[in-house]
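A.B. asks: Counting from 1, one number per residue, gives the positions in the sequence shown under the UniProt record's numbering.
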Amino acid sequence: MSEAKAEKKSVVVHFAKSELEAVEIVALLEECGIRAAIESEWNPALDGVTANMKGYYARIFVLESDLERAEELIAEFQAEGTEP
Numbered sequence: 001m002s003e004a005k006a007e008k009k010s011v012v013v014h015f016a017k018s019e020l021e022a023v024e025i026v027a028l029l030e031e032c033g034i035r036a037a038i039e040s041e042w043n044p045a046l047d048g049v050t051a052n053m054k055g056y057y058a059r060i061f062v063l064e065s066d067l068e069r070a071e072e073l074i075a076e077f078q079a080e081g082t083e084p
């Protein structure tokens with residue numbers, strides 16, 4: 001894949017177990033200059049049932065070119081015990 005395509009392709013970097021975790025991780029990534037997006041699996045009609053069935057609340061996406069750095073930041077965040 002060309003470098004230009006890698007810069008534009010979004011990939012999943014993390015499966016968040018809660019809304020709080022998703023928001024905190026996206027904030028961390030953005031503070032470090034990495035654009036990130038949340039795709040929630042939450043459905044108000046099911047009020048959490050979907051997340052429990054899938055095992056996660058939301059997927060967090062970053063650009064493929066930022067994937068390695070984003071994984072490192074998330075691992076550090078979780079290792080520090082600041083995981084929600």
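Glycine included, each C-beta is placed from N, C-alpha and C at the ideal position.
Excluding the five sequence neighbours on either side, which residues of its own chain have a C-beta within less than 8 Å of the C-beta of residue 10, listed in chain order?
C.D. replies: Within the same chain, residue 10 has close Cβ partners 37, 61, 62, 63, 64.
A.B. asks: Would you say residue 54 reaches chain C, if we count a Cβ-Cβ gap shorter than 8 Å as a contact?
C.D. replies: In the structure shown, chain C cannot be found, because there is only a single protein chain.
A.B. asks: Tell me which same chain residues have a C-beta within less than 7 Å of the C-beta of residue 39, skipping the five on either side of it?
C.D. replies: Excluding sequence neighbours, residue 39 sits near 58, 59, 61.
A.B. asks: Anyone know if the C-beta pair for residue 29 and residue 67 falls short of 8 Å?
C.D. replies: Their beta carbons are not under 8 Å apart, which means residue 29 does not touch residue 67 by this criterion.
A.B. asks: Residue 80 by DSSP, collapsed to three states: which one?
C.D. replies: Here residue 80 sits in coil by DSSP.
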